[in-house]
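Mapping to the UniProt record's numbering: the sequence shown position 71 is 71, numbers consecutive. We put the beta carbon where it would ideally sit given N, CA and C, even for glycine. Notes follow the structure.
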Amino acid sequence: MDTVIVPNGQHDAVFAVWEKDGHLMKSQPGFLHAQLHKGIDNSNLILHIATWESVEALRNAYQQETFQKTLEEYPK
Numbered sequence: 001m002d003t004v005i006v007p008n009g010q011h012d013a014v015f016a017v018w019e020k021d022g023h024l025m026k027s028q029p030g031f032l033h034a035q036l037h038k039g040i041d042n043s044n045l046i047l048h049i050a051t052w053e054s055v056e057a058l059r060n061a062y063q064q065e066t067f068q069k070t071l072e073e074y075p076k
């Protein structure tokens, strides 16, 4: 589970990168399910919940070079 505070006005940019990440992660061995929840009203909070078969599967997915490159695309 990840909690993210989105910079003001950057929701669309964050969701675009998350969609790219989502396609990549869904193709990784051990991925089961993911959900992204946005806070209500004008909240800058996003909650990401992912389910993996094992911690090892998650670690392997996070170590993928392609995934590491997409992390750099998130707005700061």
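Gln35 and Ile49 have their alpha carbons spaced roughly 5 Å apart. Taking the Cβ atoms as the reference, Asn42 lies roughly 13 Å from Ile5, outside the contact range of under 8 Å. In this chain, Lys38 is not harboured by any alpha helix (DSSP H); it is covered by the beta strand (DSSP E) spanning Phe31 to Lys38. When DSSP states are grouped into helix, strand and coil, Val6 belongs to the coil group. For Glu65, the enclosing alpha helix (DSSP H) starts and ends at Glu65 to Leu71.
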